[in-house]
Amino acid sequence: MKFGVSTFLTDEGLRPDELAVALEERGFDSLFVSEHTHYPVAAPPPPDTDLPQRDYLRSLDPFIALSAAAMVTDRLTLGTGITLVVQRDPLTLAKEVATLDYLSGGRLQLGVGAGWLREEMVNHGTNPKTRMALMRERVLAMKQIWTQEQAEFHGEYVSFDPVYSWPKPTQRPHVPVLVGGNGPTVFNRVLEYGDGWAPNLPSTPEDLVADVAELRRRGDDQGRSYIPVTLIGADQRGFRGTERLNAIAPLNKHELATLAEGGIDHCLFFRNAALSSAEALRYLDDLVELTEEFRGGADYAPAAS
1 MKFGVSTFLT
11 DEGLRPDELA
21 VALEERGFDS
31 LFVSEHTHYP
41 VAAPPPPDTD
51 LPQRDYLRSL
61 DPFIALSAAA
71 MVTDRLTLGT
81 GITLVVQRDP
91 LTLAKEVATL
101 DYLSGGRLQL
111 GVGAGWLREE
121 MVNHGTNPKT
131 RMALMRERVL
141 AMKQIWTQEQ
151 AEFHGEYVSF
161 DPVYSWPKPT
171 QRPHVPVLVG
181 GNGPTVFNRV
191 LEYGDGWAPN
201 LPSTPEDLVA
211 DVAELRRRGD
221 DQGRSYIPVT
231 LIGADQRGFR
241 GTERLNAIAP
251 LNKHELATLA
261 EGGIDHCLFF
271 RNAALSSAEA
281 LRYLDDLVEL
291 TEEFRGGADY
301 APAAS
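Those letters in the sequence shown? Residues 1 to 305, per full-length UniProt numbering, in order.
Here is the structure:
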């Protein structure tokens with residue numbers, strides 16, 4: 001498996017360039033960054049918490065943060081985990097993604113999702129009831145922009161006449177799109193417009209392995225090529241659909257072996273943004289020891305669109 005870190009980056013603690021260098025020096029494969037543009041005061045707290053966490057309140061823009069990381073690293077995969085597509089204009093987002101892929105030398109992966117914070121969506125003009133349909137059209141529209149000299153798209157929620165938009169992504173045919181989330185309908189989204197799946201960890205690693213096998217079986221039935229899986233939050237377990245089952249707990253080596261043998265390609269550990277710089281570096285050192293015997297894995301690229 002490949003290993004990396006998924007985190008909110010904030011204006012407190014390690015800067016994105018500092019964290020990226022620390023990861024690359026320790027042999028990690030990736031840095032994925034989460035996002036929230038804001039946290040509405042009247043909104044409820046995240047699941048299983050009493051107050052919004054500081055990482056929700058102070059998160060940096062992921063694309064600007066990852067640009068800083070790209071400038072100080074050579075091989076680290078840079079990803080979003082996840083981009084809230086329903087809160088971003090697709091023409092602008094397509095440009096940001098292509099630009100960062102160019103600046104990083106083709107190292108970007110785009111995790112996409114619709115999010116859960118309804119009040120945040122509403123402030124962006126998004127109807128929470130139609131967010132999945134909106135996300136679908138925005139991703140499909142961006143793929144047109146990335147792959148066509150003159151791109152156009154006409155859907156129910158996204159519509160534009162032919163446009164020019166450069167740069168195109170360095171990766172061909174485009175940046176890999178990893179569809180985030182768990183639940184009964186996520187496989188449909190992965191199979192229609194995803195290049196990979198980026199789930200959270202269900203109650204056990206065995207549950208995830210079973211889900212991956214089912215996704216790939218369905219992909220085989222539809223003639224899809226190999227579907228890579230990037231686990232987001234390997235030390236956060238408890239998602240089954242939209243219901244959190246267990247408290248957060250770290251994985252042990254036996255559980256990592258289960259994931260590796262079960263076909264999970266890329267494992268991202270969650271770095272708490274509230275950790276001090278020294279605490280964060282100690283945490284990375286602990287992860288090196290935990291993951292050393294499982295390291296390795298092939299790169300992957302999206303299928304032709």
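Even glycine gets a Cβ: it sits at the ideal position worked out from N, Cα and C.
Alpha-carbon spacing of residue i relative to residue j, whole angstroms
{"i": "ASP286", "j": "LYS168", "result": "39 angstroms"}
{"i": "ARG282", "j": "ARG75", "result": "22 angstroms"}
{"i": "TRP166", "j": "GLU152", "result": "14 angstroms"}
{"i": "VAL177", "j": "VAL112", "result": "7 angstroms"}
{"i": "THR230", "j": "CYS267", "result": "6 angstroms"}
{"i": "LYS253", "j": "VAL21", "result": "26 angstroms"}
{"i": "PRO40", "j": "THR126", "result": "14 angstroms"}
{"i": "LEU9", "j": "ASP17", "result": "10 angstroms"}
{"i": "SER59", "j": "PHE294", "result": "31 angstroms"}
{"i": "SER203", "j": "LEU251", "result": "11 angstroms"}
{"i": "ARG15", "j": "SER277", "result": "9 angstroms"}
Terminal residues of the alpha helix (DSSP H) in which residue i lies
{"i": "THR147", "result": "131 to 147"}
{"i": "HIS254", "result": "253 to 261"}
Supposed contact pair residue j and residue i - C-beta distance, whole angstroms, cut 8 angstroms
{"i": "LEU191", "j": "GLY219", "result": "6 angstroms"}
{"i": "MET121", "j": "ARG131", "result": "6 angstroms"}
{"i": "GLY81", "j": "SER6", "result": "4 angstroms"}
{"i": "THR258", "j": "PRO205", "result": "4 angstroms"}
Neighbourhood of residue i by C-beta, 6 angstroms cutoff - its chain only, sequence neighbours within 5 removed
{"i": "LEU108", "result": "LEU78, LEU100, ASP101 and VAL175"}
{"i": "GLY115", "result": "LEU84"}
{"i": "ALA198", "result": "GLY111, LEU178, GLY180, THR230 and ILE232"}
Spatial neighbours of residue i in its chain, beta-carbon cut-off 7 angstroms, leaving aside the 5 residues before and after
{"i": "ASN272", "result": "none"}
{"i": "ARG118", "result": "PRO128"}
{"i": "ARG88", "result": "none"}
Reference residue i; option with closest CA among the options
{"i": "PHE269", "options": "PRO228, VAL288 and GLY223", "result": "VAL288"}
{"i": "VAL164", "options": "PRO205, THR92, ALA68 and ASP29", "result": "Per the sequence shown, residue 164 should be read as Tyr rather than Val. The shortest Cα separation from TYR164 among PRO205, THR92, ALA68 and ASP29 belongs to THR92."}
{"i": "ASP211", "options": "ASP235, THR291, ASP195 and VAL186", "result": "VAL186"}
{"i": "VAL86", "options": "GLY183, ALA133 and ALA43", "result": "ALA133"}
{"i": "PHE160", "options": "ARG138, PRO173 and THR147", "result": "ARG138"}
{"i": "GLY13", "options": "LEU31, ALA94 and ASP55", "result": "ASP55"}
Sequence-distant residues of its chain with Cβ nearer than 8 angstroms to residue i (five each side left out)
{"i": "HIS38", "result": "GLU120 and ASN123"}
{"i": "GLY233", "result": "SER6, ASN200, LEU201, LEU268, PHE269 and PHE270"}
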